Each structure stands twice: as structure tokens, then as C-alpha cells.
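I have placed the structure first, in the form of C-alpha cells, so that the comments after it can refer back to it.
2 protein chains.
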Amino acid sequence: MNAEIICIGTEILLGDILNSNSQYLALELARLGIPHYYQTVVGDNLNRIHSIIKTALERSSILIFTGGLGPTPDDLTTEAIASYFQTTMVEDREIIEDIKQKFASRGREMTANNYKQALIPQGALVLPNKTGTAPGIMWEKDSKLILTFPGVPSEMKQMWQDTAIPFLKSKGWGKEIIYSEMLRFRGIGESSLAQKVNHLFDLANPTVAPYASHGEVRLRVSTKAQSAEEAKKIIQPIAEEIKIIAGQDYFGSDEDTLALVVGNLLKQRGETLAVAESCTGGGLGAMVTDIEGSSEYFVGGVIAYSNEVKMNLLGVSEDDLAREGAVSAIVAEQMARGVRQRFGTDWGIGITGIAGPGGGTESKPVGLVYIGIASATGEVWSYRDTYGSSRGRYLVRYLSACNALDQLRRKLLG
Amino acid sequence: MNAEIICIGTEILLGDILNSNSQYLALELARLGIPHYYQTVVGDNLNRIHSIIKTALERSSILIFTGGLGPTPDDLTTEAIASYFQTTMVEDREIIEDIKQKFASRGREMTANNYKQALIPQGALVLPNKTGTAPGIMWEKDSKLILTFPGVPSEMKQMWQDTAIPFLKSKGWGKEIIYSEMLRFRGIGESSLAQKVNHLFDLANPTVAPYASHGEVRLRVSTKAQSAEEAKKIIQPIAEEIKIIAGQDYFGSDEDTLALVVGNLLKQRGETLAVAESCTGGGLGAMVTDIEGSSEYFVGGVIAYSNEVKMNLLGVSEDDLAREGAVSAIVAEQMARGVRQRFGTDWGIGITGIAGPGGGTESKPVGLVYIGIASATGEVWSYRDTYGSSRGRYLVRYLSACNALDQLRRKLLG
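Protein chains in written order, with the UniProt record's numbering: chain Y, 1 to 414; chain S, 1 to 414.
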């Protein structure tokens, strides 16, 4: 028994979109212990989809399709599956009602095109789509298992979690699971961390593997086990050892983001935060408020893109701006202090930098960023980062916001 | 004649890495006008690679492999290709010299493992790798064309550009290119737009195909031609027809984002913008400042997460807040007007809503968002959107910011 992931969409073949669905599903199949040997991509073409189904049925027993469930004529997945198996399509009343309701809740009317999304092969179960209009199917046919999902990643993921996983578990999968803890680090490079934990890379069970991306290093500690509890027992001693070795450079595991970790620390201490942003333009505030319930500790902020706003709303000194420039330690500190005072919070963060690609000089190159942190005790700290011009505007802004949160995290940890 | 992209690597099947090589090669094939109908991923397993080669040869005439060219025993690509065609492998002296030199320049000695990287099928040409130790091959065999590349994206890309493109052009490719314009729309659903342009979906040249994602609908108008100029001539009349049909719902093409389009309109008019954000928490400001040079028209903003900030910094009326609630048309309008006045800009945007998942009530459910737009003439408008609780916090925030920009865009267009 093995699964094959089949993504349908001419836009993938044209290179318009990155096929991230396959990676998500691959990870999920591994978690359930379902072997998976092949992935295929094919365009919106009936004959070619038929040929792909034929090949996949010869070598795989679980076929997982994504894409091609939309309302337009080029969306062919369900039709292609039904016609390959020479099965009649039947209209599902519940799907029609659901689509009608979704249109109504957005003040629109269901179009004639959408009726085709309610057609499913006779004998198949509906795999409901909470957010979009395209439901999938779960179909046991000729000893094979067929699942379809829309191509929109957020819809596919929710449907996978809510319905496909319970369904696959009911079929006996997921008894032996691959379980892992992804430990996450900031402020240390991949090779430095690797040197510190080198003795763990040769372990057979659990295994330890490093990953790096965008200023963050990760170590994945994995094992196979009958249950999550059993797996945790195998993983925990090694994960603990790594956390002790890494100290404050370890900031969280799995879904823990910096914003979540900082938010939890603020909540524990009953403290509040405000932010003053220049080069990040609101990105730090957006990161902080990405966390549900962040209004408990986040009061607000000032996007101080112009010098006037820095002076008028944050009390940055005109003299210091003229002498040191907007991108300087003293301005970052005054922004942090100013926003903390104006918003009456325990903590204030200031960020000022040159995101590029223009605006750099020899002494202040693109990628130079200053971060200020102000506390209720009246103390203020600043940090200088240089990300280099080659990182690009997006990464300079993203990494600045991350680093600001990381510096606050270290202050909160004491 | 059509190409198939075959990626070899168990790490892709485990979900450890995202298959970005396929997207890169897909775009490059489109540029050269090489049709491409299938992509396949398979693990490091000789039998399964053989079965993939067999299937690919039946349906494709150019096989492009990435991955599996390393020095370790699990790297099987070249060996699998040679054994499939029952062709002897021969040691290439130049490759050995090249690998030796690369090791020497790093102060190391070539390992025994690396000799295997110098083995290529008899009759194949070497596709040299400037940076890494893994060369590829270019092989014309049985009227098929076989190319192999390492899985490391930077090495693959350089080899593609330096050697594969000239080789493919020498075989007659690249004379005809696939060219397209991606038209982008907001404020209209995929099925409604499809109904309006339904008569264009059957065109043979150019072709028109719809895509939808996250509140945006796209129509791709594509053609094959000898040059970009010729392609534009074929595409333009249809693209123009669609733009006229869609009116202001069309906002831009290809890389045009809402933030870029709004920024360009503001620049043309010499006008400025400030934003006041509650539920988006800085996300709108981040979107606006994502555009290089946005300081020309963007002055800054207030992240007004708490009611106190709405009152103290933006002048929102305490009475209205108490009577109508923070998520109301009047508060959105006052936020827009308040931030415009305080920052002295031509335009002000206010956003207030319930991003969820908590905080919703029967009369004000999760996903309810009000947008206010204030202009220098003293006028102020507001818009009510309901995204539904099922969209999730991320999408409610993202779509609110997009819609705010879209409403401003429509005002700027008049």
C-alpha cells in the first residue's frame, strides 16, 4: 500500500505557481506512516489526466489529487476520474446548498458554472470544503483509495486535517507514526550550532538533522513509534540536551513563532508592548498581531516612515536626526522610548534601517538596521544589524522584524 | 516534441525540501517554447527510476532530470539512465581532473566516492558544473534527448543557463517562444468574470484561461510566437477587450500588485497617504511599504489596536466607540479622517474589524471588517466586508488590507 500525489494544473507546468501542496502532503503522509514513492504533475487536459490515472493505478494504491476542482471548464479532475472508471456523476444536493450559502454570505448569487462543483462520482463520499466552494471526494473504488482536494493550499490543508486524516486513520493508517520535534534557534549560525551538537548527528533513534532558512536554524529530532506518547519519550531526552546546549538561542519548537513566544512571555508577566517602525513599515506590528489574542499585550504603534512623523509623534530629536541621520542607534532608541511613553506601555520597540534597493551610502549601506528596545525602568538598548544588500528588500524587512522580537525575547527572559 | 521534468530524491518525497527546481525549469521551458506536459518525482531507488524512465520515454521526447548526481551510493541517476539503455559507463578524464582541482582549491583531496561522478554513458556529452563536483550529461539517444542536472538549485540554474540553453537552441529550440500576459482582477468572482468573457475561452490563439486565489481572479492570455513583439501583437487585442469588459475590476497585469498600482497612481497625482489600522495591525502599512520608493507618497500610520489609541491619536469619538463599537462604519471613517489630518496627507485609510478566531458576536461576527477612506476634499467613504469566520485570521487580515487598497485605487481612478 503506497500513496501517489498527483497535482493537476497547467499553471504548475507553466511555472506560474510553486508546487507547495506536494511538500505539505509528503510531510503529512510521512507523519501517518503511509509510504509514498511517486509525485506527478499534469496539466488541465482530459487525455493526459486519464493516462496519469492509468499509470498511477498500476503502481500506487492511494491516489491523492490536488487542483482542478474549480467551477470553470478547464477544471477537469472529478470528471476525469469518473470517466476513467466509467462511473456516472451525480449531483449532490448538500453541496449545492453549501455553495449557495457561501455565495449568499458574501452577498452574491451562485452562478451556473458552480453547479458542476456539485457533481461527484456515484459511490464517492464528499470531502467538504469549509472555506471555498470546491469540495473534494473520498472514494474507495476497485481496491484503490482516491482523494481529491482543491489546489488552493489553505483549503486543501484544512480539508486534509479535518476530514482526510480521520478517514485515513479509520482505514488503519497512522498506527505507526513518524513523530518529530522541530527545535528552532535564532542568533546562531547553522555550522556553529552543528559543531555544538555534532555528537548527536550519528544517533540512530531518534535521528537529528539540521535545516536552515532566513536567519533561523532548525534541528529536527525524529523517531517512529506506535503513539505520540511513546515517541515523545524517545525524543525528549535528546531535545532537552540540545536545549541546554543552545541556551537562549533556542526559542521554541514546531509551531512556536517568535511573535507567539514573545506574546506568551508578555502575558506571563502581565506587560504590554508598543512598536515604532520605519523601514519595516508596519511589518513588525503585523507579525505581533498575527497571534490570536495579541490585544491582551499589544496596544499599537506608529509607522514613522517620514522624519516628521518620527519627530511629531515619537519625540525624536530634530538635532539628532540631522546629526546622526534617521538610520542610527540614537534614533532607534528615541523611537522605542517615544512610542513606549506615548502609548503608556511597559516595552517599546523602535526599528529604523535601509531596506533598499535604493537609499544606501558608503557609511550606511543597504541592509543596515538599528533596533531600539525601551523598558518601563527607563532603560533603553540598541542593536545594529547588517543584512547586506544582496538579501533584497523583503528579507531585510522580515529579518529586522524577527530580530527585534528576538532581542525583546532575550530581555524578557532576563 | 515535448519535455518532461523528472526530479530524483527521497528528500522530496519525505517533504524535507520544496521542489523549486521544477518551477524554475517549467518557466525556462516555456521561454524556449518547449511544450511540457508532465512532471515526475521519484526517490533514490533503481527499479522505480527505471519505471519512471520507461513511462517518460513513452510520452515525452526530452527528459530533464535533476538530483541524484552526488558522490554517495544513494545517488543513482546516471547509473539508472545508462543501465536502462543498456549502455556502458565510461570514465571521463576531464571530469576527474576538474573534481581534483576543486578539492585542491579547498585544500582537500578527492575522495574515492567522487570517481563515480566521472562515469557517464558512452556517447553522452558532459554538461559541466562550474561550482559543484557533480557534472550532468546531454545525451541524444534513440531520438530522445536526455539532460541531467544536480539537485542543488544554484548549480542546476547556472548549468542550465551556461550550457543547456545554448545546446537546446543548437537543436532548433527557442525560435518560437510562449508569451503571456496575466491580467489581474479584484472585486469580481471567478465565475462572474468567466461569464462575462465566456466567449474568449474557446479561442485557439491566443488562449485565455482563468485562475483564482485569495480574493483575486486572473486571466492568462497566451500565445506562441517568433518574438516577444509578435506575441504582444497577438495578445494585445484580446487583453484590451478583456480590460474594457472588466472595467475597474481589472487592476494590473503580471507583476503589478495592488500596492504598486496604488503607489503609481499616487505618484502620478503627486498625492500622499497615511493609514490607521486596527485588525490588520500594521499589515496594510507593510503592504504599501513593500514597494521600493514608497516613501515618495507614504508618510506613515498609526496601529490603533486599543480603543485608547483610536481616541488619543486618531480623534475617534468616545461616544461613537461606546455606541457603535470599535468595529463600525463610523469608527473606520473617523480613523481614516483622523490619520489623514494628523499626518497631513491627501488620503487616509482606516481599517477596523474582527480578525478572529475569538471576539465575534451575532451582530458582529468574525470576519466583519469596515474600511474608511478619507480624501483631502473632506469627503469620507466607508465599506463593509464580511469574510466569514471560516477564512481564518490570516486571510481576514490579508484580504482586508487588499480591499482597502482596492477601494483607494477606485477612488484614485475616479
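Where a beta carbon is used, it is the ideal one built from N, C-alpha and C, also for glycine.
Note that the structure is predicted; figures quoted are calculated from it, not measured.
C-beta neighbour in chain Y for residue i, strict 8 Å
i, result
"S/Tyr179", "no"
"residue 435 of chain S", "Here chain S has residues from 1 to 414 only, and residue 435 of chain S is not among them."
"S/Glu362", "no"
"S/Pro357", "yes"
"S/Arg340", "no"
"S/Val152", "no"
"S/Gly82", "Note that residue 82 of chain S corresponds to Ala in the displayed sequence, not to Gly. Output row for S/Ala82: interface = no."
"S/Arg59", "yes"
"S/Pro206", "no"
"S/Tyr370", "no"
"S/Phe298", "yes"
Contact check, residue i vs residue j, beta carbons under 8 Å
i, j, result
"S/Ala134", "S/Leu147", "no"
"S/Leu284", "S/Ile351", "yes"
"Y/Pro210", "Y/Leu219", "yes"
"S/Val331", "S/Asp346", "no"
"Y/Val309", "Y/Gly356", "no"
"Y/Gln23", "S/Gly15", "yes"
"S/Ile354", "S/Leu368", "yes"
"S/Ala212", "S/Ile177", "no"
"S/Thr40", "Y/Thr361", "no"
"S/Lys364", "S/Val327", "yes"
Any chain S beta carbon closer than 8 Å to residue i
i, result
"Y/His199", "no"
"Y/Arg93", "no"
"Y/Asn113", "yes"
"Y/Gln122", "no"
"Y/Thr72", "yes"
"Y/Val366", "no"
"Y/Ser295", "yes"
"Y/Arg48", "yes"
"Y/Thr289", "yes"
"Y/Arg384", "no"
"Y/Leu14", "yes"
"Y/Thr55", "yes"
"Y/Glu157", "First, the residue type needs correcting, since residue 157 of chain Y is Lys and not Glu in the sequence shown. By this cut-off, Y/Lys157 is not an interface position."
"Y/Lys116", "no"
"Y/Gln334", "no"
Supposed contact pair residue j and residue i - C-beta distance, whole angstroms, cut 8 Å
i, j, result
"S/Ser180", "S/Val217", "No, S/Ser180 and S/Val217 are not in contact; Cβ-Cβ is about 16 Å, not under 8 Å."
"S/Gly174", "S/Gly33", "7 Å"
"Y/Ile238", "Y/Leu200", "6 Å"
"S/Leu266", "S/Leu412", "7 Å"
"Y/Thr77", "Y/Ile8", "5 Å"
"S/Pro121", "S/Met89", "6 Å"
"S/Arg337", "S/Ala376", "At roughly 11 Å, the Cβ-Cβ gap does not stay under 8 Å, so S/Arg337 and S/Ala376 are not in contact."
Nearest to residue i (by Cα), restricted to the options the options
i, options, result
"S/Gly378", "S/Arg410, S/Gly392, S/Gln334", "S/Gln334"
"S/Lys130", "S/Glu91, S/Gly67, S/Phe149, S/Ala112", "S/Phe149"
"Y/Thr10", "Y/Tyr38, Y/Lys364, Y/Ala204, Y/Arg48", "Y/Arg48"
"Y/Ile245", "Y/Val261, Y/Trp381, Y/Leu183, Y/Val339", "Y/Leu183"
"Y/Arg409", "Y/Arg393, Y/Leu260, Y/Gly281, Y/Tyr398", "Y/Leu260"
"S/Ile137", "S/Glu91, S/Asn21, S/Leu193", "S/Glu91"
"Y/Gly281", "Y/Ala401, Y/Ile81, Y/Thr361", "Y/Ala401"
"S/Asn312", "Y/Leu314, Y/Arg342, Y/Ala326", "Y/Arg342"
"S/Leu63", "S/Asp74, S/His36, S/Gln86", "S/His36"
"S/Ser83", "S/Lys54, S/Phe251, S/Val316, S/Val41", "S/Lys54"
"Y/Tyr383", "Y/Glu255, Y/Leu145, Y/Ala329, Y/Ala194", "Y/Ala329"
"S/Val152", "S/Ile12, S/Ala336, S/Asn403", "S/Ile12"
"S/Ala80", "S/Val339, S/Asn45, S/Arg323", "S/Asn45"
"S/Gly252", "S/Ser61, S/Thr72, S/Leu314, S/Asp406", "S/Asp406"
"Y/Gln248", "Y/Ser20, Y/Val42, Y/Gly414", "Y/Gly414"
"Y/Glu140", "Y/Phe85, Y/Val42, Y/Asp256", "Y/Phe85"
"S/Glu4", "S/Val126, S/Leu145, S/Pro128", "S/Leu145"
"Y/Val366", "Y/Arg340, Y/Arg393, Y/Gly372, Y/Gly344", "Y/Arg393"
Neighbour flag for residue i against chain B, beta carbons, 8 Å
i, result
"S/Pro210", "Chain labels in this structure do not include chain B; the protein chains are Y and S."
Q.
Across the region 286-305 of chain Y and the region 290-309 of chain S, are there enough close Cβ pairs to call them in contact, namely three or more that are closer than 8 Å?
A. yes
Q) Counting pairs of beta carbons, one from the region 285-294 of chain Y and one from the region 267-287 of chain S, are three or more of them closer than 8 Å? A) yes
Q.
If contact is defined by three or more beta carbon pairs under 8 Å, each pair taking one atom from either stretch, is the region 111-122 of chain Y in contact with the region 89-96 of chain Y?
A. yes
Q.
Does the structure place the region 263-274 of chain Y close enough to the region 381-392 of chain Y that three or more beta carbon pairs sit under 8 Å?
A. In short, these stretches do not touch, since the Cβ pair count stays below three.
Q.
So, does the region 101-110 of chain Y touch the region 21-35 of chain Y, judging by three or more C-beta pairs under 8 Å?
A. Contact fails: fewer than three Cβ-Cβ distances are below 8 Å.
Q) Any contact of the region 167-175 of chain Y with the region 185-202 of chain Y, i.e. 3+ C-beta pairs under 8 Å? A) no
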